[in-house]
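Scroll down for the structure; my scribbles are underneath it.
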Amino acid sequence: MTSLTRRQLEDAFGEVPRPDGESLVVSPGDPEAREIVTSFAGRGWHEITTAELRTHAYALPLFTPAAFRYYLPAYLAGCVEARHDVGAALDGTIFNLTPPARRDGWEWDFFQARAEQFDDRQRAAIRSFLELVREYDRADWATAGREPPVDRAAPGLDFWV
1 MTSLTRRQLE DAFGEVPRPD GESLVVSPGD PEAREIVTSF AGRGWHEITT
51 AELRTHAYAL PLFTPAAFRY YLPAYLAGCV EARHDVGAAL DGTIFNLTPP
101 ARRDGWEWDF FQARAEQFDD RQRAAIRSFL ELVREYDRAD WATAGREPPV
151 DRAAPGLDFW V
């Protein structure tokens, strides 16, 4: 079975600089973005709790590329360690690691601005996360004697190779 530990995340993301409060979100005037700044500013990614991930399940696209890179390991760790407790944060994390179907236009540019900043170790951690998602989905469906209807990790895994 694939594994992804907090130690692996520390090794991969430990040197990523923490963005300041002014550089956390793309649209600082947005009310939801202000809540994110209030919750995340000045805090290390390892300090973010499962409850906060659940509350800010859809925060990843609101982060600047630098903040996305910095706080992504909080989401990866939370989704692995407490996947049944993070609520929609798991789906939001998978979505934000999945490239758009079309490789042009603003959605691609938005995705690419985030994806291109990850180094090989960070990309490997992302791949491990998506492989775990695949394994967890298969195990969950197997308890019902079925196969998952969709391999939701596949598009992301194809990209992060």
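Using the UniProt record's numbering, the first residue of the sequence shown is number 1, and each one after it goes up by one. Heads up, the beta-carbon is just placed ideally off N, CA and C, and yes, glycines get one too.
Supposed close pair Ala-59, Ile-36 - CB separation, criterion 8 angstroms: 5 angstroms
Extent of the continuous alpha helix (DSSP H) to which Tyr-75 belongs: 65-81
Val-16 in three-state terms, based on DSSP: Val-16 carries a coil assignment under DSSP once its states are collapsed to helix, strand and coil.
Boundaries (first-last residue) of the alpha helix (DSSP H) holding Leu-130: 120-142
Length of the line joining the Cα atoms of residue 162 and Leu-132: Residue 162 lies beyond the residue range present for the chain, which begins at 1 and ends at 161; the question has no answer from this structure.
Buried or exposed (CB count within 10 angstroms, at least 16 for buried), Gln-122: Under this definition Gln-122 is a buried residue.
Pair within 8 angstroms by beta-carbon distance, Val-80 and Phe-118: Using a Cβ distance threshold of 8 angstroms, Val-80 and Phe-118 do not count as a contacting pair.
Candidates His-46, Leu-24, Asp-85 and Asn-96, of which the one nearest residue 165 by Cα: Residue 165 is absent from the structure shown; the chain starts at 1 and stops at 161.
Nearest residue (CA-CA) to Pro-100, options Arg-34, Glu-22 and Pro-155: Pro-155
Residue burial classification, Arg-102 (beta-carbon count within 10 angstroms, cutoff 16): exposed
Selection from Arg-83, Trp-108, Pro-73 and Gly-92 that minimises the alpha carbon distance to Asp-140: Arg-83
Three-state secondary structure assigned by DSSP to Glu-37: For the record, residue 37 in the displayed sequence is Val; it is not Glu. Reduced to three states, the DSSP call for Val-37 is helix.
According to DSSP, residues forming a beta bridge with residue 162: Residue numbering for the chain in the displayed model covers 1 to 161; residue 162 lies beyond these limits and cannot be assessed.
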